[in-house]
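Structure record follows, encoded as structure tokens.
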Amino acid sequence: MRPRRFVPAGPLKGRIRVPGDKSISHRSIMLGALAVGETRVTGLLEGEDVLATAAAMRAMGAHVERTGEGAWTINGVGVGALLQPEAPLEMGNSGTSTRLLMGLVSSHPITASFTGDASLSKRPMGRVITPLSQMGASFEASDRANSSQTLPLIVRGASPAVPITYRLPVASAQVKSAILLAGLNTPGTTTVIEPVPTRDHSERMLRGFGADLTVETDAEGARVITIRGEAELRPQVIDVPGDPSSAAFFLVAALVTPGSDVVIENVGLNPTRAGIVEVLTAMGGRIEKLNEREVGGEPVADLHVRHSALKGIEVDPQVAPSMIDEFPALFVAAALAEGVTVTSGLDELRVKESDRLAVMAQALIAAGARIEEREDGLVITGTGGEPLRGTAGEDTIETHLDHRIAMSMAIAGIASREGVLIDDTRPIATSFPVFETMLDTLAQDSAQG
58 MRPRRFVPAG
68 PLKGRIRVPG
78 DKSISHRSIM
88 LGALAVGETR
98 VTGLLEGEDV
108 LATAAAMRAM
118 GAHVERTGEG
128 AWTINGVGVG
138 ALLQPEAPLE
148 MGNSGTSTRL
158 LMGLVSSHPI
168 TASFTGDASL
178 SKRPMGRVIT
188 PLSQMGASFE
198 ASDRANSSQT
208 LPLIVRGASP
218 AVPITYRLPV
228 ASAQVKSAIL
238 LAGLNTPGTT
248 TVIEPVPTRD
258 HSERMLRGFG
268 ADLTVETDAE
278 GARVITIRGE
288 AELRPQVIDV
298 PGDPSSAAFF
308 LVAALVTPGS
318 DVVIENVGLN
328 PTRAGIVEVL
338 TAMGGRIEKL
348 NEREVGGEPV
358 ADLHVRHSAL
368 KGIEVDPQVA
378 PSMIDEFPAL
388 FVAAALAEGV
398 TVTSGLDELR
408 VKESDRLAVM
418 AQALIAAGAR
428 IEEREDGLVI
438 TGTGGEPLRG
448 TAGEDTIETH
458 LDHRIAMSMA
468 IAGIASREGV
478 LIDDTRPIAT
488 SFPVFETMLD
498 TLAQDSAQG
């Protein structure tokens, strides 16, 4: 355990560049490993989750090498040519790695054992197991005492796999992506019907690598995504934009800390990911997009954010898929806004690294916020801009091994009177290894300025 008390340190000022987008980083390694030739990636997020993906692709035959800070080369084996891994694939805390790699394995003639840490081993895998089983893959618990719906699991791929048409019962980019990745090596056409749009990095990147993929809208407004199998992927040069999920913590920190003036450079603003900017702006947040541009098919901008008087709002549940990972940070902003913020349609947060609705409600209440927990969301009555009380003495916030809980409550700590003591900062390394350093640097830059 590595506890830390996060305390108010005055206004935040300066320019920062958050690490590369986690979703794009995962996919660049996976698709690079399936292309024939050398893919070069810059700006890769070097958190533990992405490194788990890199290790797994190495174990299945690809040459994945770090050549500098954020710079990597991947020499792929080609679709259909993944090798049998000699040891279990250790996924750590990464649900994205697990679900997407299960998709890849499912249409290759290999057997792979997936293991993970205590937190990941509690997360449901049934949502990907159902469609991948329909394609011919089989799943079984590697320990008879365990469920066949959670890790550790043994996945036996099908060769050839069977193309399917699958309508997503819940909005999930991971399930969609797992099916599309399985479809890469499946003869015929695999179709995913998505009633509620989710992040579309997989579709954009698959097309960029040369897959035959189409996206249409049916009469009911659902997205119909088709991919033609036995694809031949071409290597790419990828510059990964900054992760909006990581940027969210600094957006909120600057908005709620008086006197703050921060520029966050090179943030990816894919419309399926940028809901947090839209919602914070609707709350009165002063967020200006500078130098808008497109990098590798992804919209990017620098975000200039200044302290603002936030107002509570009712958040449209339709925006949830475009910011599902950013809600813990949003809850902190809402706790410091004027009036009431109502969120709903957030059932998905209960099956993340932790039950993020329950854990954030408990954590913010312990820090002095007024929260009502409902089945599918939180109702938060803000302080009107006044600091939260914080936690006294040895009172500790439990992060439940969840990196986003830890970072959100760190932001709550700098916007409190007494600071907030969290039980363990180690999980932050799964997605944002330099978070604490970056936060401290903004405070130091302000003090020196």
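Note that the sequence shown covers residues 58 to 506 in our numbering. Quick reminder that beta carbons are idealized off the backbone N, C-alpha and C, glycines included.
- Counting along the chain, residue 320 sits inside the beta strand (DSSP E) bounded by residues 318-325.
- Contact between the segment 278-298 and the segment 241-248 is present: 3 or more CB-CB pairs across the two stretches fall below 8 Å.
- About 4 Å separates the Cβ atoms of residue 456 and residue 462, confirming a contact at the 8 Å cut-off.
- Secondary structure of residue 404 (DSSP, three-state): helix.
- Scanning 386, 187, 447 and 165 for the CA closest to the CA of residue 459 turns up 386.
- The Cβ atoms of residue 182 and residue 239 lie no closer than 8 Å to each other.
- Leaving aside the five residues that flank residue 137 on each side, the residues in its chain whose CB is nearer than 6 Å to its CB run, in chain order, 242.
- If you check the CB distance, residue 206 and residue 186 come in under 8 Å.
- Ranking 326, 444 and 339 by CA distance to the CA of residue 349 puts 326 first.
- Between residue 315 and residue 96, the gap from beta carbon to beta carbon reaches 8 Å or more.
- Assigned with DSSP and collapsed to three states, residue 106 falls in helix.
- The alpha-carbon of residue 417 is positioned some 24 Å away from that of residue 68.
- Judged by pairs of C-beta atoms under 8 Å, the segment 135-151 touches the segment 88-108, as three or more such pairs exist.
- C-alpha of residue 190 to C-alpha of residue 165: approximately 13 Å in a straight line.
- Between residue 321 and residue 362, the gap from beta carbon to beta carbon is short of 8 Å.
- A distance below 8 Å separates the beta carbons of residue 75 and residue 324.
- For residue 195, the pairing in a beta bridge is given by DSSP as 213.
- Separation of residue 431 and residue 398 (C-alpha to C-alpha, rounded to the nearest whole angstrom) is 13 Å.
- C-alpha of residue 389 to C-alpha of residue 216: approximately 48 Å in a straight line.
- Where residue 395 is concerned, there is no enclosing beta strand (DSSP E), because DSSP gives it neither an H nor an E.
- Two segments are said to touch when three or more pairs of C-beta atoms, one from each, lie closer than 8 Å; by this definition the segment 105-121 touches the segment 143-156.
- Residue environment analysis places residue 304 among the buried positions, since at least 16 neighbouring C-beta atoms fall within 10 angstroms of its C-beta.
- Here the C-alpha atom of residue 475 lies approximately 22 Å from the C-alpha atom of residue 367.
- Runs of the beta strand (DSSP E) lying entirely within the segment 100-154 and spanning at least 3 residues, in chain order: 120-125 and 128-134.
- In its chain, beyond the 5 residues on either side, 97 have a beta carbon closer than 6 Å to the beta carbon of residue 294.
- Sequence-distant partners of residue 442 (beyond 5 residues in either direction) whose C-beta falls short of 7 Å from its own C-beta, in its chain, are 366, 393 and 395.
- In terms of Cα proximity to residue 79, the closest of 299, 465 and 342 is 299.
- Here the alpha carbon of residue 258 sits roughly 21 Å from the alpha carbon of residue 406.
- One alpha carbon belongs to residue 451, the other to residue 481, and they sit about 13 Å apart.
- When 124, 142, 103 and 411 are compared, the shortest CA-CA separation from residue 117 is found for 142.
- For residue 414, DSSP records no beta bridge to any residue.
- Annotation for residue 252: no alpha helix (DSSP H) segment contains it, and DSSP assigns it neither H nor E.
- About 26 Å separates the Cβ atoms of residue 235 and residue 127, ruling out a contact at the 8 Å cut-off.
- Boundaries of the alpha helix (DSSP H) harbouring residue 462: 460-471, taken from the DSSP string.
- 8 Å or more divides the Cβ of residue 270 from the Cβ of residue 250.
- Excluding the 5 residues flanking it on each side, residue 199 has same chain C-beta neighbours closer than 6 Å at 170, 209 and 211, in chain order.
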